[in-house]
Structures are given as structure tokens and as C-alpha cells.
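Have a look at the structure below, then the notes.
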Amino acid sequence: MEQRIDQPGQYSNFQPVFDLELCDGCGECAVQCTFNEIRIEPRGDRKIPVANRQACGACHRCEVMCPRRAIYIEEKPLALRKHAVWKAADLKRVHYQSSSGAVNLTGFGSDKDLPTYWDNLVFNACQVTNPSIDPQREPMETVTYLGRKALSRQEAIKSGSNGSLIKLKLPVVFAPMSYGSISLNLQKAIARTAVEKGLIWYSGEGGLHEDLYPFAGHAVLQVASGRFGVNPSYLKVARAYQIKIGQGAKPGIGGHLPGEKVLSGISQTRMIPEGSDAISPAPQHDIYSIEDLRLLIYAIKEASGYKPVCVKIAAVNNSAAIASGIVRAGADMVYIDGFRGGSGATPSIVRDNVGIPAELALAAVDQRLREEGIRNQASIIIAGGFRNSADVMKAIALGADAVAIGSTVLVTCGCHGCQRCHSGKCPWGITTNDPEISKRLDEDWAFERLSNLIDGWSHEMKEIMGLNGIYDIGSFRGNRLILRGVGLSEKELDILGIKHAGE
Amino acid sequence: MCGIVGLINSNRIKENGTRIKKGIHLMNDRGNGLGAGYAAYGIYPDYHDFYALHIMSTDEKSMDRAKQYIDRWFNIEHDSSIPVWSGKIIDHPLFHLFFVKPSLPPGERGSGEESDDDYVVSKCMELNKTIDGAYTCSNGKNMGVFKGVGTPLDIYDFFQLDNYEGYSWLGHNRFPTNTPGWWGGAHPFSILEWSIVHNGEISSYGINKRYLESFGYFCQLQTDSEVIAYLIDLLIRQHGLSITEATTVLAPPYWSTIERMEESEEKDKLTTLRVIYEQAMLNGPFAVLTTFDAGMFSLTDNTKLRPMTAGRHNDYTYFASEIASLYEMDNDITDIVTPRAGQPITALFNEESAGVNL
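Those protein sequence lines, which keep their order, are chains P and F. Counting along the first sequence from 1, when you hit position 155 you're at 163 in our numbering, and nothing is skipped either side. Counting along the second sequence from 1, when you hit position 340 you're at 477 in our numbering, and nothing is skipped either side.
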């Protein structure tokens, strides 16, 4: 079947290339490709795969699954005339948009070439006078408690037990990704990993599927603008609750799970009819001010028996002032999501142009809460583009209590960053609930890989502590002298509250 | 590497600095001539009710401004320059001593300055911060800190410590590494009644400093050890922790140790202290000797990366980095204690031992 290309821009930047000497024509690649990029054609007395040259997004599913290792993905040179302003992506965006008249959607975190400050930060290290600590020999501890803490021992005696604090074995948590935006298999794997590794997982705004109730003791369940899945038992079972105000990938706008993705499991969990669009409005329609937020925080506390409440906001320029208000409104945790945060579906115009780097917001919020003497009243959780354990440790040194990872979880489970989460056809079975495709993500396999990732990061984080002569994460947290900037301006250093390398 | 010594007589019998000098001089190799200092308690009996401000300044102009500042915020009972002998040390700052009480009555003071102690801390922090070239070396009662750039013998002679009589003494010999060897950065570091000498390097300094800032302590002396004095003041004086609780905060048991404990009040308390005072915990190698109005205590880090020993003889307790120094101070020591990692050793004056919150 020959596809006719009758619209400008209907070609992709990538294509599968087949080594026909290795290929035995089994057709697996065509089955694996959920975007219909590969077709199988007879050629003489055999069958061969042929690329449609239209839809390849470099997800690499066919390449990885080919039993004969006969495929690789190639970046297809688009022979467009070089232009300093009109780059290929700009042309394609217009071509694509003018074919439908709709908002261009995208998934995953922003790929725009804006600064990633983590890459301009380096750690200091011990030499001679202050011995480094060898994590292979000495105890190294990463235990972290999240929540509202007393300012002093006297205050702690008055307020009673530490019971409401959330204990983490490692200051890493799983970022909110709803059932609906990701498959149930993956959410189960995440929840199991959280329980196994002594961490917590955030549910996202998708309710709590009945299969996940056994893992609720490590869950932070979300109450967001759509209130999906919020019911009396939901408000009892969790370790903590999260009120979502904003998301780093799409600050200031709401969410939309298209009706075709609302299948029976999602319909039941979200408590909405099958096939209906699940729309989360941009603002919460009962929160138009900080006083309203306070009401919701305390409503959830009352309903849940005074479980900790976390408020999630997108990183914006006045995050510090907002965070101060959130803490004073009674939140026990402030969750800040930077503009590199991932998304299941976001208008690309928002993803790539709104919000600020998590690094800057984190530095400002931590400093502001300290200056106001309320840093002890809430923990700071930071999210938005954490790729490795060094990013995590840099955030801890800047002042975060814990770091949330989302995109990394997807990558752990096979994601190659093709940015088509919103299509519902994720060939890796990650961001899809199509019963046939989501089967591809085996829960046990994902659990094992996530556990491995956490173990690996834990080792690396301890190395970084040890080489700074620190045996406990508590002395690393907010210890900005450990961090130095490379190639940053005075202003950037000032906002980050760090010195330049060599100082 | 640094050397530290201390001696205390539990009956408050006084002596001059000769023996502490001998103790620290023996460990000359632990320093490099870029810093030494002493703290002596009981040296100003005639003014024992007044805060004794030891002010250091780089020149006359700074000292004048410091005097004006002190005159504005305090009633000065008496003041004089601190006698120095600059035979060996040509280039040195100026030192002046003020015996003072707050001039403002409690009702008229700023917030966080209600008690006399808070007032003194606040005003001295302000002085260190705002008056260029002037610093407070110590501001406790009936005690003083004498420190500078030189060997322990140089500094001893410079301040003529033969002429002071104290019932507890600290000595320090410095080998500065991560921060400059300058007069303000020499040990001891002191705030109110607390003086500390430190051997080691505080890798948690960055967060300790930020934590202290939220309580109004500002680190101006470019040396990591400074935070230890302020942390002790915060924990014991402001937050009312006992000495044991405070040392538990500074060198806490590992989480793994706490987790192994049976459920108990003690376990809850250790958990609470670790959770609340995470930012006050010290990391990195340290041996610290602290003197205060009621006695003296030592503390080492959790892996004991710096040495500390103590010895007793009759009413005397001695502390030193090396055992040889203990004998140098008193050849008849009967009882030598080498503390385990993280274990504090406390020596109190007899009349205080009932009243102090251990």
C-alpha cells in the first residue's frame, strides 16, 4: 500500500534502515511500530520491510525488538535551505499546524535549547586536610524525613510525635504521572519500587486504581482541578496528599485526557463515563486566592486524619513568594516543577516557552523560606528534568529535601524520548492504555529496572557525599559551598547563591 | 592539623598560663606559626558581673568606630587597652577591653534582644558585620580570649599571659588549611560564656552557616570552626538542650544505630533531635574542646578522625590532642581517658555539678 504524500511537511526526520542481508522478513518490526511507519512487501520469493518515510519518531522500538538486529534508525537529512531563523522544526510546525487548525501537542520534557544549569554546576572535593570518606568502608546515610518539623526541641516536645513525617531511605521520589497518562503496569511497577526501596510515589491526577490500594501507604495521592477519583476512601488511604496547582511543562494551563483514552479501567478509577474527555481546568475552581488554598489544605487534612499535605506549583519567577504563602497556608511540603518537567500531553507552544528552570526557583525558594524563618515548616521537593544522580545531588546541595523523577522513570522502562506520549500509541507501552500496546510493558521487568536505577543512584550519591567528606545527606542538604558555578554570570551565581569555580 | 589543650580545676583554684603554654608548646608540630590562642576563665573577678568585650581592630580608626558603637549600645563600666608586648610580633592589630552592661532596658530593645545575653550577641554580631576591620574576640563574663597569628609561644608572650590568673584554660596551635591565617581566624572562637578550640575541618560548614543565619548568627571570621561556638550557644542557651543532647546533635548516632534500638523514649528523642537539628550536625573530622562558665567538655566526630585524650589528677582535668601534652601539664596524672568516637567527656566545677543540665 503506497501512501500518498499530498500535504507539505508529511515526512519525518528519521527513518528505519533495513539490512536486507540480515533480515529474514519475519515482519516483527511492522508489528512493533505503532505509528505505521513500516510495511512488509513481497520482493521476489521473500518478504521485506519497507519504510513509509512518514512517521518515524526515533522511538527505536523496531530496532531493539528486531530478532536479527537488522534495523537501525537514521536521522534523515532534510535538504532544506539553511536559514538562521527558519529552522526545519519551525517549517514543520507550521506545516503540521496548518493541516489541522489545532493546537500542536507534544509529550515528554521540552527539547528547546535553554540553559540547563545543572550542567554549569560542579562539586567541590576533599583533598588532604579534610579526608574523603570511602562509602565502601564507612557508613553513609541518606535517610530523609519530609514534612513539617519543629524549630526546636521544646517545640517538638509540645507538638508530640514524629509520626506524620515521611521517612525516605533516599531523597528521591517518583513524580506524579497519572493512570491514564501512563499505563497501569508502569504505575504498579513504580508503586512496588517505592515500597521496596523505602520511597514514596505520587499518583498524579488519575485517582487510585483498586490494584494500587496495597501500595497507598507509600503514595502521595493527588487532588487536582478535575478532582478525578477523589472519594472518601481515597482520602483515607494515602501516606500524604498533593494539591496540584501547576505543572512545569505547562504552567498556568490545565490538563486533558482525550475521551478515546478513557477506557473502562480509567473510567472507573477517575469516576467519569467511558469515552468522555477528562478535562482538568487551568485553575482549581475553588481556589482563586491563597486563603482558598488554605481552606483546601485544611479540608484535606480534616478528611484524611491530618496526613501531610503537599502543594505542587510550576517554577515561575515569583515562586519564592508563592512558596512562602503556601507554607504559611499550612502545607507540609512544597513541590516545585521546573520548565524541563515532562508531560503526557502539552501544547508545544506552552512547553517550550513558559516557566523557568527548576534550579533558579529552588535556590530562590530555599533562601526565601530561610530568611523568613519558616524553612523548618515545610520540605521542598524539586522536579523538572533530573537525568542522573549528580543532578539530584546538586539540587540537594542547593537546598532541596528531595528530588522527584518522572521522565527518568520512563527512560528506565525503554522510553527513547520520541515525544509522542500524547498520541496514546507509545510503542514501549509506557504512555498508552491501549490494551494491546500497554501489554508490552511487563510490570516485573519495569520493577526490576526501576529498582536497579535506584540502587545505582544510591551508590553514586554516596560516592558524591564521600568525596566531599560527608557521611550524612543532612550535611549535604543546603550546603551550597559544595557547589561551584562554571561559566555563569554574576547574576546567575547570585540567584543560585553559589560561588564561581576557583573562588 | 591543629593542637588543642585544656585544663580545669574543679575547685576554681586559679593559676597563670604557664602550664597551658607548656602543654600546647609541646605539640609545636601540630601548627605552623600561622595561628595560636588561649581562653582563660576567672580572670576578671573585679568585673565578674560585666560582659568583658575583647575587641580587635586593624587600626586606630576602626577601634574608634568600635568604641563609639559600644558606647552607643552599652554602659561602659571600665575600659582599657589590652596590654601587649610586641617584641617578636611587629605587625599586629590593636586590642581593647570593655566591661559593659546593655544600656537599653529590656522594654526598649529590638526583637530577639530581650535578654541581656541576646542583646550582647546581637550587638556584637552587628559590630563584626558593620564596622570594617573591627571584630569581637570574646564577650563573656569574667573570661577572655587571646589569639593571633604566631606560634603558641609568640602569642603567649604577646599577650603576657603570665599575668592572668584563671581556673580554666584553653590553648590552641593552628595549622590553617582551607582558610587564611589571620588574627580573627585564630582559635579560640567565643560567644558569651562559650569558647571552643577545634582541630579539624567542618565539611558541613556551608549548611551550618546558613542554618545559624536564620537565628541571627553571622559568620564573619572566615573560619569553619566559628560555627561550632554559635551552634553550642544556640542549642544549649537558646534551645535549652542539655550538654549531652547538644553533643548528640553535633555528633549524632548513625540512623542505622537508632533503627536497631528497641522502641523507647530514648529512641524517639534521638530521632527527634536528628530530624530537627539536621542542619546543626557537624560533618567532617573534628575534635573540639569547649569551655563555659560551669566547666569544660570535649567532643570528637563520629569516626574520630582527630585525636582527643583527657587525664585527671586530684581536682584537675586535662585535655589534649596528644597524651604527652597531658603529662607535660601534670606529670602525676593518675587517670587517662581516651574517648570513643562521638563520645563527649565533661569536667565541671564542684559547686556546679548539681546545677548543670548534663
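Even for Gly, the Cβ is constructed at its ideal location relative to N, Cα and C.
Return the chain-ordered list of same chain residues with a C-beta closer than 7 Å to the C-beta of residue i, the five sequence neighbours on each side being excluded.
i: V286/F; result: L171, G172, G318, W319, W320 and A323
i: Y206/F; result: L264 and I268
i: E250/F; result: Y256 and S259
i: E282/P; result: V270, L271, S272 and S275
i: N148/F; result: D452 and N487
i: Q297/F; result: P220 and W222
i: E400/F; result: none
i: A59/P; result: Q23, P24, E45 and I46
i: Y80/P; result: V25 and E71
i: Y348/F; result: Q416 and A417
Can you name, in chain order, every residue of its own chain whose Cβ lies under 6 Å from the Cβ of residue i, other than the five neighbours on each side?
i: G225/P; result: R247
i: N384/P; result: K157 and L159
I need the straight-line Cα distance from residue i to residue j, nearest angstrom please.
i: L377/P; j: C318/P; result: 16 Å
i: P75/P; j: A66/P; result: 18 Å
i: A366/F; j: G377/F; result: 15 Å
i: D450/P; j: L418/P; result: 13 Å
i: I344/F; j: M401/P; result: 14 Å
i: Q162/P; j: V412/F; result: 14 Å
i: C356/F; j: H233/F; result: 21 Å
i: F486/F; j: K278/F; result: 16 Å
i: N439/F; j: H229/F; result: 38 Å
i: T420/P; j: I321/P; result: 25 Å
i: R156/F; j: C261/F; result: 31 Å
i: M9/P; j: R278/P; result: For M9/P, the predicted model reports a pLDDT of 38, less than 50, meaning its position is unreliable and no value from the coordinates is stated.
i: E71/P; j: T439/P; result: 19 Å
i: R12/P; j: D32/P; result: Note that R12/P scores 49 on pLDDT, short of 50, meaning its location in the model is unreliable; the coordinates nonetheless yield the value given after this. For R12/P and D32/P, the distance between alpha carbons rounds to 28 Å.
i: E197/F; j: L231/F; result: 8 Å
i: Y364/P; j: Y343/P; result: Looking at the sequence itself, residue 364/P is Ile, so the reference to Tyr does not match. Cα to Cα, I364/P sits roughly 14 Å from Y343/P.
i: I334/P; j: Q292/P; result: 15 Å
Around the Cβ of residue i, are there at least 16 other Cβ atoms within 10 angstroms (buried) or fewer (exposed)?
i: T427/F; result: buried
i: S118/P; result: buried
i: V238/P; result: buried
i: L372/F; result: buried
i: E29/P; result: exposed
i: W306/F; result: buried
i: E204/P; result: exposed
i: T114/P; result: buried
Does residue i have its Cβ less than 8 Å from a Cβ in chain F?
i: K315/P; result: no
i: E471/P; result: no
i: P57/P; result: no
i: G477/P; result: yes
i: V400/P; result: no
i: E511/P; result: no
i: E149/P; result: yes
i: N487/P; result: yes
i: Q385/P; result: no
i: Y153/P; result: yes
i: S172/P; result: no
i: R378/P; result: yes
i: A164/P; result: yes
i: I295/P; result: no
From the beta carbon of residue i, is the nearest beta carbon of chain P less than 8 Å away?
i: T440/F; result: yes
i: L144/F; result: no
i: V334/F; result: no
i: G287/F; result: no
i: Y354/F; result: no
Mind pulling the chain B residues with CB within less than 9 Å of residue i?
i: P422/F; result: Included in the structure are the protein chains P and F, with no chain B among them.
Could you name the residues of the same chain whose beta carbon sits closer than 8 Å to that of residue i, not counting the 5 residues immediately before and after it, in chain order?
i: P147/P; result: Y479
i: Y249/P; result: V228, L229, Q230, V231, L243, I308, S312, K315, P316, V317 and C318
i: C330/P; result: Note that residue 330/P is Ile in the sequence shown here, rather than Cys. Excluding sequence neighbours, I330/P sits near I321 and V324.
Is it a yes or a no for the segment 181-197 of chain F touching the segment 211-224 of chain F, going by three-plus beta-carbon pairs under 8 Å?
-> yes
Stretch pair the segment 445-462 of chain F + the segment 154-173 of chain F: three plus CB contacts closer than 8 Å = yes
On the three-pair Cβ rule with 8 Å, is the segment 126-136 of chain P touching the segment 449-467 of chain P?
-> no
Counting pairs of beta carbons, one from the segment 207-216 of chain P and one from the segment 172-188 of chain P, are three or more of them closer than 8 Å?
-> yes
Taking 8 Å as the threshold, find out whether the segment 359-367 of chain P comes into contact with the segment 93-108 of chain P through three or more Cβ pairs.
-> no
Do the segment 471-484 of chain F and the segment 431-438 of chain F meet, that is, are 3 or more Cβ pairs less than 8 Å apart?
-> yes
Is there contact here, the segment 361-376 of chain P with the segment 335-344 of chain F, by at least three beta-carbon pairs under 8 Å?
-> no
Count the C-beta pairs between the segment 380-387 of chain F and the segment 136-147 of chain P that are closer than 8 Å, then say yes if the count reaches three, no if not.
-> no
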